[in-house]
Amino acid sequence: QKEVEQNSGPLSVPEGAIASLNCTYSDRGSQSFFWYRQYSGKSPELIMSIYSNGDKEDGRFTAQLNKASQYVSLLIRDSQPSDSATYLCAVRYSGNTPLVFGKGTRLSVIA
Amino acid sequence: DARVTQTPRDKVTEMGQEVTMRCQPILGHNTVFWYRQTMMQGLELLAYFRNRAPLDDSGMPKDRFSAEMPDATLATLKIQPSEPRDSAVYFCASGRHGDTEAFFGQGTRLTVV
Numbered sequence: 001q002k003e004v005e006q007n008s009g010p011l012s013v014p015e016g017a018i019a020s021l022n023c024t025y026s027d028r029g030s031q032s033f034f035w036y037r038q039y040s041g042k043s044p045e046l047i048m049s050i051y052s053n054g055d056k057e058d059g060r061f062t063a064q065l066n067k068a069s070q071y072v073s074l075l076i077r078d079s080q081p082s083d084s085a086t087y088l089c090a091v092r093y094s095g096n097t098p099l100v101f102g103k104g105t106r107l108s109v110i111a
Numbered sequence: 001d002a003r004v005t006q007t008p009r010d011k012v013t014e015m016g017q018e019v020t021m022r023c024q025p026i027l028g029h030n031t032v033f034w035y036r037q038t039m040m041q042g043l044e045l046l047a048y049f050r051n052r053a054p055l056d057d058s059g060m061p062k063d064r065f066s067a068e069m070p071d072a073t074l075a076t077l078k079i080q081p082s083e084p085r086d087s088a089v090y091f092c093a094s095g096r097h098g099d100t101e102a103f104f105g106q107g108t109r110l111t112v113v
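In C-alpha cells, the structure reads:
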C-alpha cells in the first residue's frame, strides 16, 4: 500500500513570510513527485514537479526532495494571500502508474 | 485552450438512482484517470485507462460502479444504484503515457440524498 502523508494544517503564515509544506511517502521506489494547489471548490492544478534529489526552484516556489529520507517539501517565498489554498503532495512509483495523493495541507496567508 | 471537460458540474440525485458522469480528456492524451475526493479520504483513485483499455479499477466498488471509454474522446463513470455515501467530488484527469503530469477537469460534485 503506497501512502503519502501530509499535515492537514491549517498552516497560517503572515504575508511576506516563507511557507514550508512537508510530505513523506512510504514507497522507497517512488520516482516522481508533484505539488498541486487546490483552491476551495476548484480542481487541483500542478505547480511543481521534481524527480531527483535536491532543490528545484520556479519563481517563488522551491521543491526539495530527499529520497533517502522519503521526504519532499515545498517552500513558498514571499507568501501572498492569493497563495491561500490546499496543497496536495502526489507521488508516482513509475511512469506507468497513477499518482497517489496525500490528503493535503491547508495554507492560510494572513494579510 | 486544452483542458479536461467534465459534465455535469453538479448533480443532486435521490438514493437508488443511476448517475452517469462524463469526461472529455485533452486531445492527444491517451491516459484517463477517475479520482474521488472527500474531506475524510482526500483524493482516491477509482480507475484508470490507457488507450481506452482499463488498467486498474481496484479502487471502485464493483457492485455499483462502472467505468468505460466508448471512444478516445469520452470516458464515463456510472453509479447504479447511488447511495448517500457516494456523495463526493469526482475528478477526471488525463495525461500522455510516458509523461508524468496529470491534468484535472473541473470535477462533478455529486450529492445523493
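So the sequence lines, in the order shown, correspond to chains A and B. Just so it is clear: in the first sequence, position 76 is 76 by my numbering, and no numbers are missing. Just so it is clear: in the second sequence, position 49 is 49 by my numbering, and no numbers are missing. All residues carry an ideal CB built from backbone N, CA and C; glycine is no exception. Please read these numbers as outputs of a predicted model, since none were measured by experiment.
Report the CB separation of residue i from residue j in whole angstroms; it is logged as a contact under 8 Å.
i: Phe49 (chain B); j: Cys92 (chain B); result: That pair is no contact at about 10 Å.
i: Tyr87 (chain A); j: Leu107 (chain A); result: 6 Å
i: Thr73 (chain B); j: Gln6 (chain B); result: With 8 Å as the limit, Thr73 (chain B) and Gln6 (chain B) do not qualify as a contact, their Cβ atoms being about 13 Å apart.
i: Gln6 (chain A); j: Thr97 (chain A); result: Contact doesn't hold; Cβ gap of about 20 Å is too wide.
i: Gln24 (chain B); j: Val89 (chain B); result: About 18 Å; that fails the 8 Å criterion.
Chain A beta carbons: is any one of them nearer than 8 Å to that of residue i?
i: Gly107 (chain B); result: yes
i: Glu68 (chain B); result: no
i: Arg65 (chain B); result: In the sequence under discussion, the amino acid at residue 65 (chain B) is Phe, which differs from the Arg named in the question. Taking Cβ atoms only, chain A never reaches closer than 8 Å to Phe65 (chain B), which makes this a no.
i: Ala102 (chain B); result: yes
What is the rounded straight-line gap between the Cα of residue i and the Cα of residue j?
i: Gly9 (chain A); j: Ala19 (chain A); result: 12 Å
i: Gly42 (chain B); j: Pro44 (chain A); result: 12 Å
i: Pro14 (chain A); j: Ala63 (chain A); result: 20 Å
i: Asp57 (chain B); j: Leu46 (chain A); result: 24 Å
i: Thr24 (chain A); j: Leu99 (chain A); result: 14 Å
i: Ala17 (chain A); j: Tyr39 (chain A); result: 20 Å
i: Ile79 (chain B); j: Leu110 (chain B); result: 11 Å
i: Ser49 (chain A); j: Arg85 (chain B); result: 33 Å
i: Val112 (chain B); j: Glu83 (chain B); result: 6 Å
i: Lys103 (chain A); j: Pro8 (chain B); result: 25 Å
i: Thr76 (chain B); j: Ile26 (chain B); result: 15 Å
i: Ala68 (chain A); j: Cys89 (chain A); result: 18 Å
i: Pro81 (chain B); j: Leu46 (chain B); result: 17 Å
i: Arg77 (chain A); j: Met69 (chain B); result: 42 Å
i: Lys62 (chain B); j: Asp58 (chain A); result: 42 Å
Does chain B have any CB closer than 8 Å to the CB of residue i?
i: Ser26 (chain A); result: no
i: Arg60 (chain A); result: no
i: Gly54 (chain A); result: no
i: Ser32 (chain A); result: yes
i: Leu107 (chain A); result: no
i: Pro10 (chain A); result: no
i: Ser20 (chain A); result: no
i: Leu65 (chain A); result: no
i: Ser82 (chain A); result: no
i: Leu74 (chain A); result: no
i: Arg92 (chain A); result: yes
i: Lys2 (chain A); result: no
i: Ser43 (chain A); result: yes
i: Pro98 (chain A); result: yes
i: Gly29 (chain A); result: no
i: Gly16 (chain A); result: no
i: Ser69 (chain A); result: no
i: Ser40 (chain A); result: no
* Looking at chain A, which residues of the region 34-61 of chain B have a Cβ within less than 7 Å of any of its Cβ atoms? -> Across the region 34-61 of chain B, CB contacts with chain A closer than 7 Å involve Gly42, Leu43, Leu45, Tyr48, in sequence order along the chain.
* Examine the Cβ distances between the region 5-24 of chain B and the region 51-60 of chain A and report whether three or more of them are shorter than 8 Å. => Flag = no, the region 5-24 of chain B and the region 51-60 of chain A do not touch.
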